[in-house]
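Student:
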Amino acid sequence: MASLSSFIGCSCPSGVFRAPINGGKVRACLSVDVQGPSSTKLQTGKLGCSSEEVIESERKLFVGTYARAPVVFSSGKGCKLYDLEGREYLDMAAGIAVNALGHGDPDWLQAVTEQANTVTHVSNLFHSIPQVELAKRLVAKSFADRVFFTNSGTEANEAAIKFARKFQRFSHPDAKESPPFEFIAFSNCFHGRTMGALALTSKEHYRAPFEPVMPGVTFLPYGDIEAAKNLILKGKIAAVFVEPIQGEGGIFSATKEFLLSLRNACDEAGTLLVFDEIQCGLGRSGHLWAHEAYGVYPDIMTLAKPLAGGLPVGAVLVTERIAAAINYGDHGSTFAGSPLVCNAAVAVVDKISDPEFLLSVSRKGEYMKNLLKRKLGENPHVKEVRGQGLIIGIELDVSASPLVDACRNSGLLILTAGQGNVVRLVPPLIITEQELEHAANVLLDCIPVLG
Ligand SMILES: Cc1ncc(COP(=O)(O)O)c(C=O)c1O
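Positions in the sequence shown are counted from 1; adding 1 to them yields my numbering.
#1: Shorter than 7 Å, the distance from the beta carbon of Gln-280 to the closest heavy atom of ligand 1, or not?
#2: I'd like to know whether the C-beta atoms of Lys-376 and Leu-445 end up nearer to each other than 8 Å.
#3: Can you grab the Cα-Cα spacing for the pair Ile-233 / Ala-305, in whole Å?
#4: Can you say whether His-128 is buried or exposed, counting buried as having 16 or more other CB atoms within 10 angstroms of its CB?
#5: Leu-397: buried (16+ other C-beta within 10 angstroms of its C-beta) or exposed?
#6: Keeping to the same chain, check which residues put their C-beta closer than 6 Å to that of Ala-161; ignore five residues upstream and five downstream.
#7: Confirm the yes/no value for this check: CB of Asn-100, any heavy atom of ligand 1, distance under 7 Å.
#8: Does the separation of the CB atoms of Val-99 and Gly-296 fall below 8 Å?
#9: Nearest to Tyr-207 by alpha carbon, out of Pro-216, Leu-221, His-192 and Gly-217?
#10: Return the CA-CA distance between Cys-190 and Ile-392, expressed in angstroms with no decimal places.
#11: Mapping the DSSP letters down to three states, classify Ser-468 as helix, strand or coil.
#12: Apart from the five residues just before and just after Glu-278, which ones in its own chain have a Cβ nearer than 8 Å to its Cβ?
#13: Which residue marks the beginning of the alpha helix (DSSP H) containing Glu-396, and which one marks its end?
#14: Please return the same chain residues whose Cβ sits closer than 8 Å to the Cβ of Met-2, not counting the five positions on each side in sequence.
#15: If we ignore side chains and look at the alpha-carbon of each, how far apart do Gln-169 and Ala-141 end up?
#16: Following a CB-centred definition, is Phe-253 positioned closer than 7 Å to any heavy atom of ligand 1?
#17: Skipping 5 residues on each side, what residues in its chain have a beta carbon closer than 8 Å to that of Val-443?
#18: Please report the distance separating the alpha-carbon of Met-369 from that of Gln-389.
#19: Measuring alpha carbon to alpha carbon, tell me which of Gly-421, Leu-416 and Gln-420 ends up nearest Ala-440.
#20: How about Gly-224 and Ala-255: are their beta carbons less than 8 Å apart?
#21: Between the Cα of Lys-163 and the Cα atoms of Phe-259, Asn-328, Val-350 and Ile-56, which residue gives the shortest distance?
#22: Lys-92 lies in the alpha helix (DSSP H); which residues open and close that run?
#23: Can you pull the DSSP bridge partners for Ser-254?
#24: Can you round the beta-carbon distance between Pro-181 and Ile-238 to whole angstroms, since I take them to be within the 8 Å contact cut?
#25: Curious, which full-length alpha helix (DSSP H) runs of at least 4 residues does the stretch 284 to 339 contain?
#26: Between the stretch 337 to 345 and the stretch 128 to 139, do at least 3 Cβ pairs fall closer than 8 Å?
#27: Note down the Cα distance separating Ala-176 from Ala-325, rounded to an integer number of angstroms.
#28: Is the beta carbon of Ile-415 within less than 7 Å of some heavy atom of ligand 3?
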């Protein structure tokens, strides 16, 4: 088998490059200790390969699905990431709202290493304790009675689609025509990339090359109470999928009236209400679940991104009546809910669900929004600063890409959202006010690139 070094074309003889996880000394592949990233003096030559070499090799090897920024990250600590050349970045992207505890959280690390030392994977043919421990917590801390684990967000939504279809079949045993099987989703929504979740994702650009996707999905304007009520009450809808706060779509929050009217119409029609909290859930909004701020509860909630602090996981939380419709063999996954991933997730859930932690997210979110309004509000390109907790959007009247690039070149990682005109800030939830202030200052310094 070819070694890593031959793949990425670097001169490292062993092919082993160990990145630091603590910002301390780096043990390079030539066994030469060099200064860690915090010194920003790391010599790429000593590591045997440069960022350019890695990127060039990747270009030849990978299926071209990603337009990646030209950075190779080699380590992280807290809210900081370090590239191969030792440059330091403040991470306000958190691996797209994943690294809620930042990089290398000690409790998370302990949970992972202890479990890896014990047992990593057993498959879902057998029982394991971390899976049960995680399920206990998710059930105790939510509206739900039962949990189904997946490996990602799109798989969680895929499972929710199947559960909704099965629930409707189960609830209409004598139906002469087919039971309700259609779905409603909303403008600017994002529910994933697999064929079912993709069918529920509003961006035409993502769906068009793969048509026909799952039929029977109607997209309605996010927030349009009348349109949703009218369609739900026609009785053909199996489930309504909605993000209480839209992430990819541009950081739009639902109103209480909208979610409540969906809840009432769904109850009247026997339709299921699914909240996709894959991006906005688990503390990001300052509430454990974003829907708690509205006092409106779903039948199904999907989770993923931050749940295992960077390891791949997803979860579908359901009420008992939905679980009752699902039988052995209706759905499954080889990897989902492994002991390793679930033990990591237990550490994450325990930390984030602490009321003090959640309060700190709310406070830091308000602090950052006020700071951004004060520092950037006068800029003619800034239309709005919005969001809840630490999911914050800065809507511009132009593309946000030049600003994202300029910030990255200045050591700040941020994301776009919406039609590319929204700056999305989804930092680790452990970020400090000082770090937020630094991020706001870099944004202020860089915003002139917008012209
Ligand atoms: C709200 C929402 N749902 C679903 C997904 C899909 O999750 P994944 O990328 O883990 O498949 C995402 C990912 O960005 C998301 O933000």
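We put the beta carbon where it would ideally sit given N, CA and C, even for glycine.
Tutor: Judging by the given coordinates:
#1: yes
#2: yes
#3: 27 Å
#4: exposed
#5: buried
#6: Val-275, Ile-301, Thr-303 and Val-317
#7: Flag unset: Cβ of Asn-100 not near ligand 1.
#8: In this structure, Gly-296 does not lie closer than 8 Å to Val-99 by Cβ.
#9: His-192
#10: 15 Å
#11: Outside the shown range of the chain (2 to 452) lies residue 468, about which nothing can therefore be said.
#12: Glu-244, Pro-245, Trp-290, Ala-291, His-292, Met-302, Thr-303 and Leu-304
#13: Per DSSP, Glu-396 belongs to no alpha helix (DSSP H); it is in the beta strand (DSSP E), 392 to 397.
#14: Any reading at Met-2 needs caution, since the residue's pLDDT is 36, under 50, leaving its predicted position unreliable; the model's value is listed next. Excluding positions up to five away in sequence, the list is empty.
#15: 26 Å
#16: no
#17: Leu-91, Cys-408, Ser-411, Gly-412 and Leu-413
#18: Roughly 10 Å separates the two Cα atoms.
#19: Leu-416
#20: yes
#21: The residue with the shortest Cα to Cα distance from Lys-163 is Asn-328.
#22: Reading off the sequence, residue 92 comes out as Asp, not Lys. Looking at the DSSP string, Asp-92 is not in any alpha helix (DSSP H); the run it does join, the beta strand (DSSP E), is 89 to 92.
#23: Looking at the DSSP assignment, Ser-254 forms a beta bridge with Ile-246.
#24: At roughly 6 Å, the Cβ-Cβ gap stays under 8 Å, so Pro-181 and Ile-238 are in contact.
#25: 321 to 324
#26: Between the stretch 337 to 345 and the stretch 128 to 139, the count of Cβ pairs shorter than 8 Å is three or higher; the stretches touch.
#27: Whole-angstrom Cα-Cα distance: 19 Å.
#28: For ligand 3, the structure offers nothing, since it holds only ligand 1.
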